[in-house]
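Below is the structure:
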C-alpha cells in the first residue's frame, strides 16, 4: 500500500517487552525518542504502557505520510539507531501498521 495514503497517517506499533525489563525499556525509549521525533515528516511521538498487560507498549507516531515514515526513518540510519536502543528489550517482533482518520 505504499504511497496510497498521501495525507497524514498514524503509525501504531504494538511492542511486547520481556517481562521484568519494562523499566529498562522505558529508559531506553526516553533516550531513543529524540531520534524518531526529529525525523523530517514526524509530527508527534507518544509511547503508552498497558495497564492490564504491563509488558505491552503502544507506540503512536503521527507522520506527514507513509512515505515520510518509510523514506525518512525506516530506510535510514535513524531506524538502525532507534532499534539498537530499544530492540534488546523486545519479546518478539513488534506489529506495526499505518492508520488514517475516518471522516466524520
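Residue numbers (my numbering): 44 to 147. Note that CB positions come from ideal geometry on N, CA and C, so glycine has one too. Note that the structure is predicted; figures quoted are calculated from it, not measured.
Quick one: what's got a C-beta closer than 6 Å to residue i's C-beta in the same chain, skipping five residues either side?
i           : result
residue 116 : 82, 122
Taking residue i and residue j to be in contact with their CB atoms under 8 Å, please state how far apart those CB atoms are, rounded to whole angstroms.
i          : j           : result
residue 55 : residue 79  : 14 Å between Cβ atoms; not a contact.
residue 67 : residue 132 : 6 Å
For the beta strand (DSSP E) containing residue i, list its first residue and its last residue.
i           : result
residue 67  : Counting along the chain, residue 67 falls outside any beta strand (DSSP E), though it belongs to the alpha helix (DSSP H) covering 65-80.
residue 105 : 99-106
residue 145 : Careful: residue 145 lies outside any beta strand (DSSP E) and carries neither H nor E.
Between which two residues does the alpha helix (DSSP H) carrying residue i extend?
i           : result
residue 94  : No alpha helix (DSSP H) holds residue 94; DSSP gives it neither H nor E.
residue 57  : Where residue 57 is concerned, there is no enclosing alpha helix (DSSP H), although the beta strand (DSSP E) it sits in stretches over 52-59.
residue 119 : From DSSP, residue 119 is part of no alpha helix (DSSP H); its letter is neither H nor E.
Report yes if the CB atom of residue i is closer than 7 Å to the CB atom of residue j, and no otherwise.
i           : j          : result
residue 125 : residue 70 : no
residue 143 : residue 60 : no
Tell me which same chain residues have a C-beta within less than 8 Å of the C-beta of residue i, skipping the five on either side of it?
i          : result
residue 93 : 99, 100, 101
Residue i: buried (16+ other C-beta within 10 angstroms of its C-beta) or exposed?
i           : result
residue 145 : exposed
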